Amino acid sequence: MSIDTTVQGIIRSSFDRLTRSERQLATALTSHYPMSALGSITTIAEQAGVSTPTVVRMVRKLGFKGFPDFQAHIHEELETTLSNPIAKHDRWANDAPEAHILNRFAEATIANLRETLSGIRTSDFDRARDLLKDQRNHVYIVGGRITKSLAEYLFTHCQVIRPNVTLIAPTPSTWPHYALNMKAGDVLVIFDIRRYEREIETLNRIAAERGVHTILFTDRWKSPVAKTATVVFRVETEAPSAWDSSVVMLFVVEALIEAIQSAAWKTTRDRMKDLEGLLETSQLFRKPRV
5 MSIDTTVQGI IRSSFDRLTR SERQLATALT SHYPMSALGS ITTIAEQAGV STPTVVRMVR
65 KLGFKGFPDF QAHIHEELET TLSNPIAKHD RWANDAPEAH ILNRFAEATI ANLRETLSGI
125 RTSDFDRARD LLKDQRNHVY IVGGRITKSL AEYLFTHCQV IRPNVTLIAP TPSTWPHYAL
185 NMKAGDVLVI FDIRRYEREI ETLNRIAAER GVHTILFTDR WKSPVAKTAT VVFRVETEAP
245 SAWDSSVVML FVVEALIEAI QSAAWKTTRD RMKDLEGLLE TSQLFRKPRV
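For any residue, its number in the numbering used here is found by taking its place in the sequence shown, counting from 1, and adding 4.
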């Protein structure tokens, strides 16, 4: 069954048009899908912290006739999955039991990748590429407590591809100094996942007031920055861990890096040649022994 036609896929693709209580229910249902959606309507409502009328209202908004129809579709999905040998994939780590963290994490990551790709519009991706390749404007990149490593990764590659790229230091007290140089048409790339950081929201507001375009990398619940961002990449981060997973977000970042350098290859190639000469001069790397 296509990812777009599963009940889980329908819930996630409809997230933006749900009310606050319905979003709370949607999050509960998709967190441990499908088991979280197989209880009684009363149990599901209690576990999500919503009322039973909210459950009924949401499943109808999703296009189902009612709660029984909603669960019937889930049972149909399970029957298809269990009876179709193609859907029974091998363990990712052959020498590890199915319940091993390597296999559980791999399964979660593959599911996250599929869900993320199903929600990214190519027009949004191309818009982000065009903004980042335009060398007439300056690019600023900033991350949060955890995502600053992703921001640095993107910055390192963008430095090679184009001039005028700045990695904003992870010290909010210095951010007004960066904003001082921002002008209309510049681009601010923000990485912000739960728990969303107030200082990043403030920086984005200041940048927006100056006419700066924002490209946001966030999770399924969406950072408050999404309200004014030019492009939003909503990435699945759930994993069998106490931490959110950055694997799929890094995948999107790397795809974007490739798109930017391909779109501006002539400039990128010249800069790469120049950089190689500088690296040779600095003797940064060991030369292979002949």
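Note that beta-carbon positions come from the ideal geometry of N, C-alpha and C, so glycine has one too. It should be emphasised that the depicted structure is a prediction, and the values quoted were computed from it without experimental measurement.
{"Check": "Mind pulling the alpha helix (DSSP H) runs of 4 or more residues that sit fully within the region 213-258?", "Outcome": "none"}
{"Check": "From the DSSP output, in three-state form, read off Phe195 for me.", "Outcome": "strand"}
{"Check": "Note down the Cα distance separating Lys65 from Pro38, rounded to an integer number of angstroms.", "Outcome": "19 Å"}
{"Check": "Grouping DSSP H, G and I as helix and E and B as strand, with all else coil, what is Tyr144?", "Outcome": "strand"}
{"Check": "If you draw a straight line from the C-alpha of Ala49 to the C-alpha of Ile78, how long is it?", "Outcome": "17 Å"}
{"Check": "Report the residue from Val257, Trp247 and Phe237 whose alpha carbon sits nearest the alpha carbon of Thr120.", "Outcome": "Phe237"}
{"Check": "Suppose you measure from the CA of Ile194 to the CA of Ala110; what does that come to, to the nearest Å?", "Outcome": "27 Å"}
{"Check": "State the DSSP-derived secondary structure class of Val169, mapped to helix, strand or coil.", "Outcome": "strand"}
{"Check": "In terms of alpha-carbon separation, which member of Ser17, Thr58 and Ser35 lies closest to Thr23?", "Outcome": "Thr58"}
{"Check": "In three-state terms, what does DSSP make of Phe68?", "Outcome": "coil"}
{"Check": "Check this for me: beta carbons of Met253 and Val235, under 8 Å apart or not?", "Outcome": "no"}
{"Check": "Are there three or more Cβ pairs, one per stretch, closer than 8 Å when the region 112-126 is compared with the region 151-158?", "Outcome": "no"}
{"Check": "On the three-state DSSP scale, how would you describe Asp20?", "Outcome": "helix"}
{"Check": "To the nearest angstrom, how far is the alpha carbon of Thr46 from that of Arg224?", "Outcome": "26 Å"}
{"Check": "Given Met276, which residues of its chain have a CB within under 7 Å of its CB, disregarding the five upstream and five downstream residues?", "Outcome": "Val164"}
{"Check": "Which residue's Cα is closest to the Cα of Leu207: Phe129, Thr218, Leu106 and Pro167?", "Outcome": "Thr218"}
{"Check": "Is it buried or exposed for Asn116, if we count other Cβ within 10 angstroms and need 16 for buried?", "Outcome": "buried"}
{"Check": "Give me the Cβ distance between Val216 and Asp190, rounded to the nearest whole Å; I'm assuming they're in contact under 8 Å.", "Outcome": "5 Å"}
{"Check": "To the nearest angstrom, report how far apart Arg199 and Pro174 are at their CA atoms.", "Outcome": "16 Å"}
{"Check": "What do you get for Trp179, buried or exposed, if any count of 16 or more other CB atoms within 10 angstroms of its CB means buried?", "Outcome": "buried"}
{"Check": "Measuring alpha carbon to alpha carbon, tell me which of Asn185, Gly147, Phe74 and Asn107 ends up nearest Ala243.", "Outcome": "Asn107"}
{"Check": "So for Asp130, helix, strand or coil by DSSP?", "Outcome": "helix"}
{"Check": "Which residues in the same chain as Leu279 place their Cβ atom closer than 8 Å to its Cβ, once the five residues preceding and following it in sequence are excluded?", "Outcome": "Val164"}
{"Check": "Starting from Asn185, trace the alpha helix (DSSP H) both ways and give me its first and last residue.", "Outcome": "Careful: Asn185 lies outside any alpha helix (DSSP H) and carries neither H nor E."}
{"Check": "Please work out which residues of its chain come closer than 6 Å, Cβ to Cβ, to Gln265, disregarding the five sequence neighbours upstream and downstream, and give them in chain order.", "Outcome": "Ile165 and Thr272"}
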